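Single-structure report; data block below.
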């Protein structure tokens, strides 16, 4: 059997599962924006997708999930939230996959891949929000960036830092992940 073809098929199937999770997990927050912004339920499957499926699938799942969720369920609101989230999550998915692929596969590097990706994704989110603010006269400054990227999101950040490495390490031990 062609292992390259099998691996690509597995990546595609897993990417579809992660996309479905990104669409469904926010229902746990009951579409309450404050809780969603705190727990970041869409971020978990996108970050995992980068680790499991690689940077390209991670990028696509991250870019598609907020836009698709906005179209299907009306949350997050398309402008400016889903648009800026699409860039942020695309960065998460890409960078976790890229860094995990480039670094030696050990526990420390899982954390490095995750944390660097989370920081880069938040920087991308801030840059997109800043551009949208300039173009459409939306109020966005450094305080709003800090609140949105870190302060309000702290519970979700903690959940990500705890859960993602546990899941990735478990997947590695069970041979679901190289």
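Residue numbers (our numbering): 3 to 180. Glycine is no exception: its CB is placed at the ideal position from the N, C-alpha and C atoms. Keep in mind it's a predicted model, so treat the numbers as computed, not measured.
Here the alpha carbon of residue 166 sits roughly 11 Å from the alpha carbon of residue 117. Following the DSSP letters along the chain, one finds residue 170 inside the alpha helix (DSSP H) bounded by residues 156–175.
Per the coordinates, the alpha-carbon of residue 9 lies some 43 Å from the alpha-carbon of residue 137. Cβ-Cβ separation between residue 79 and residue 72: approximately 7 Å, consistent with a contact (criterion under 8 Å). Within the model, the alpha-carbon separation for residue 74 versus residue 120 is close to 26 Å.
Counting C-beta pairs closer than 8 Å gives fewer than three between the stretch 133–150 and the stretch 92–99, which falls short of the contact rule. With respect to the 7 Å criterion, residue 67 and residue 127 are not classified as neighbours on the basis of their beta carbons. In the three-state scheme derived from DSSP, where H, G and I count as helix and E and B as strand, residue 53 is classed as helix.
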